[in-house]
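Chains as they are written, first to last, in the numbering used here: chain R, 191 to 451; chain H, 17 to 268. Just so it is clear, CB atoms sit at the ideal spot from N, CA and C, and this is done for glycine as well.
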């Protein structure tokens with residue numbers, strides 16, 4: 191398969207030593223077309239910093255990032271044409287309806303009016319957003335707004351889709367629909383980088399898991415290999431192994447706190 | 017649609033779509049913003065009247081044209097940083113920056129929006145000023161260009177302030193600028209009335225050339241645009257565009 195995203199030895203520090211934060215410390219990561227890679231790690235592990243460097247919001251101190259053959263550090267404008275992003279923070283779409291917001295982003299990303307409309311309709315239906323599709327955003331719940339933000343990234347996805355905590359605030363029924371849609375994006379050919387604390391549910395859709403711990407890659411394997419290789423007795427799945435690996439159940443619990451940078 | 021093909025829309029279409037996005041996002045508050053700008057311009061004129069009573073003709077010209085300049089400058093230097101700082105705080109600016117949209121297009125959409133918000137206040141400020149101080153206007157064909165350049169420059173400086181300073185500091189700076197522009201800038205009075213050192217400082221700042229440009233195009237039979245002001249305004253406009261674009265490109 192084609193490698194879409196190649197991150198090699200990326201280092202990023204905010205502030206100067208000794209007071210600054212080393213957010214990424216020699217991170218390597220590869221995602222092929224059609225793969226969903228889960229990026230896990232405690233709050234402050236450097237996940238959001240890493241994705242910000244892929245789309246040109248942050249500049250690595252060292253290392254290389256290649257996106258579909260393009261040097262994403264030297265040519266961030268071109269990298270942005272190849273990647274779509276669902277940000278960690280909810281993007282306010284006050285004044286817009288979910289349908290209008292998804293449609294406008296799809297067309298901004300270059301989709302034709304007809305294609306974007308068709309894809310918007312599909313996403314609204316697949317995520318069961320029909321009842322809220324034409325309701326102004328100030329009247330919809332946080333979960334619906336979060337799903338709309340996902341759809342804004344998925345409407346014209348490009349080679350790489352970066353999803354930063356897509357399940358936050360989303361109800362359990364729609365979370366299942368969301369996971370299926372994430373899987374579908376990859377099955378249609380895109381690479382998906384999924385930042386999440388929702389380890390238990392992510393296990394069902396990811397092809398590989400990369401665990402960051404204080405800016406370093408602690409593990410980069412398939413969920414099955416990770417569980418088989420690192421699971422202690424009694425470990426039932428990826429979440430148990432993950433908690434074991436990062437060493438603290440406290441780290442794994444939060445789904446809402448913001449990461450460093 | 018192929019999932020892998022992203023060929024961003026042509027620039028003009030992106031500009032139109034971004035404007036639509038921004039307008040709809042602000043649709044709730046847009047009428048209020050415009051009304052506030054109109055009130056600001058008209059009440060500035062009325063306030064000047066209370067302060068000075070019946071001014072001599074020369075002073076009346078400054079007062080009548082000053083309110084419109086103040087409106088344009090305020091929207092750019094004060095409202096733009098406040099809105100951009102808010103977008104930064106809530107994270108929406110960073111997300112917008114992940115879209116495959118050239119930075120000048122972002123800037124263009126925002127500047128067009130701010131100019132359109134300021135325009136009704138500017139026009140009504142001029143009308144109110146002319147009526148209040150019995151001033152005869154002589155509009156120059158250069159007026160639209162002057163208004164756009166003034167608005168553009170002010171908004172670019174505001175944009176750069178908001179992008180380069182921490183959001184809370186940017187909001188504070190914008191508050192201070194209200195005070196400086198209203199009371200200590202040669203907009204509604206001649207520069208010669210300022211203390212020497214401040215008059216000298218204003219020769220290098222953008223507000224005086226902005227006021228010169230508005231006066232010279234609103235009352236073109238009484239004022240001319242000094243060459244120095246033209247050059248200063250052009251330099252500030254170009255520099256502020258470069259800095260605002262750079263600040264949008266800047267990576268953490």
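Cross-chain neighbours of residue i in chain H, by beta carbon under 8 Å
i	result
residue 275(R)	111 and 114
residue 290(R)	40
residue 285(R)	40, 41, 42, 43 and 44
Bridge partners - residue i, DSSP secondary structure assignment
i	result
residue 227(R)	383(R) and 398(R)
residue 204(R)	211(R)
residue 478(R)	A query on residue 478(R) cannot be resolved here, the shown segment of chain R reaching from 191 to 451 and no further.
residue 274(R)	351(R)
residue 254(R)	198(R)
residue 221(R)	195(R)
residue 260(R)	257(R)
residue 271(H)	No answer is possible for residue 271(H): the residues shown for chain H start at 17 and end at 268.
Best match in the options for proximity to residue i [C-alpha to C-alpha]
i	options	result
residue 147(H)	201(H), 70(H) and 112(H)	70(H)
residue 219(R)	383(R), 247(R) and 310(R)	383(R)
residue 435(R)	427(R), 352(R) and 420(R)	420(R)
residue 296(R)	178(H), 37(H) and 100(H)	37(H)
residue 224(H)	172(H), 166(H) and 63(H)	166(H)
residue 259(R)	268(R), 251(R) and 239(R)	268(R)
residue 55(H)	174(H), 138(H), 96(H) and 163(H)	138(H)
residue 103(H)	227(R), 319(R), 223(R) and 282(R)	282(R)
residue 194(R)	405(R), 222(R) and 305(R)	222(R)
residue 266(R)	250(R), 280(R) and 276(R)	250(R)
residue 199(R)	207(R), 254(R) and 231(R)	254(R)
residue 132(H)	98(H), 75(H), 49(H) and 59(H)	49(H)
residue 308(R)	398(R), 399(R) and 344(R)	344(R)
residue 162(H)	30(H), 245(H), 51(H) and 263(H)	245(H)
residue 129(H)	164(H), 115(H) and 247(H)	164(H)
residue 101(H)	156(H), 40(H) and 177(H)	177(H)
residue 228(R)	338(R), 328(R), 411(R) and 426(R)	411(R)
residue 404(R)	196(R), 231(R), 310(R) and 197(R)	231(R)
residue 89(H)	189(H), 212(H), 174(H) and 258(H)	174(H)
residue 152(H)	81(H), 61(H) and 114(H)	81(H)
residue 313(R)	399(R), 261(R), 375(R) and 380(R)	375(R)
9 Å Cβ cut-off: residues of chain R touching residue i
i	result
residue 24(H)	270, 271, 298, 299 and 300
Interface partners of residue i on chain R, CB under 8 Å
i	result
residue 74(H)	Correct list: empty, because the minimum Cβ distance to chain R is about 46 Å.
Beta-carbon neighbours of residue i, restricted to chain H and to distances below 9 Å
i	result
residue 317(R)	The premise fails here: residue 317(R) is roughly 17 Å from chain H at the closest Cβ pair, so nothing lies under 9 Å.
For residue j and residue i, believed in contact at Cβ under 8 Å, the rounded distance
i	j	result
residue 248(R)	residue 242(R)	4 Å
residue 352(R)	residue 245(R)	7 Å
residue 229(H)	residue 241(H)	6 Å
residue 85(H)	residue 159(H)	With a Cβ gap of about 12 Å, residue 85(H) and residue 159(H) do not count as contacting.
residue 492(R)	residue 369(R)	Nothing can be reported for residue 492(R): it is not among the residues displayed for chain R, which extend from 191 to 451.
residue 23(H)	residue 332(R)	About 33 Å; that fails the 8 Å criterion.
residue 341(R)	residue 273(R)	That belief does not hold up - the Cβ atoms of residue 341(R) and residue 273(R) are roughly 16 Å apart, past 8 Å.
residue 325(R)	residue 287(R)	6 Å
residue 119(H)	residue 265(H)	5 Å
residue 215(R)	residue 277(R)	At roughly 24 Å, the Cβ-Cβ gap does not stay under 8 Å, so residue 215(R) and residue 277(R) are not in contact.
residue 316(R)	residue 367(R)	6 Å
residue 428(R)	residue 416(R)	6 Å
residue 190(H)	residue 97(H)	4 Å
residue 79(H)	residue 68(H)	7 Å
residue 179(H)	residue 256(H)	Not a contact, Cβ separation roughly 12 Å.
Contact set between residue i and chain R, taken where Cβ atoms lie within less than 7 Å
i	result
residue 108(H)	281 and 282
residue 100(H)	In chain order: nothing, as chain R lies at least about 14 Å away.
residue 117(H)	298
Contact set between residue i and chain H, taken where Cβ atoms lie within less than 7 Å
i	result
residue 245(R)	114
residue 248(R)	267 and 268
residue 214(R)	Here the premise fails: no neighbours, minimum Cβ distance about 12 Å.
residue 294(R)	33, 36 and 37
residue 358(R)	Going along chain H, no residue has its Cβ under 7 Å from residue 358(R), so there is no contact; the nearest lies around 13 Å.
Residue i at chain A interface by Cβ criterion, 8 Å
i	result
residue 155(H)	Going by chain labels, chain A is absent from the structure shown, which instead holds the protein chains R and H.
Exercise. Output, in sequence order along the chain, the residues in the segment 29 to 40 of chain H whose CB is closer than 8 Å to any CB in chain R.
Key: For the segment 29 to 40 of chain H, the set of residues with a beta-carbon nearer than 8 Å to any beta-carbon of chain R comprises 29, 30, 33, 34, 36, 37 and 40, in chain order.
Exercise. Pull out every residue of the segment 49 to 67 of chain H whose Cβ sits closer than 7 Å to any Cβ of chain R, in chain order.
Key: Cβ contacts with chain R: none found.
Self-check item: Within 9 Å of chain H by C-beta, residues of the segment 225 to 244 of chain R in sequence order
Solution: Residues passing the 9 Å Cβ filter: 239, 242 and 243.
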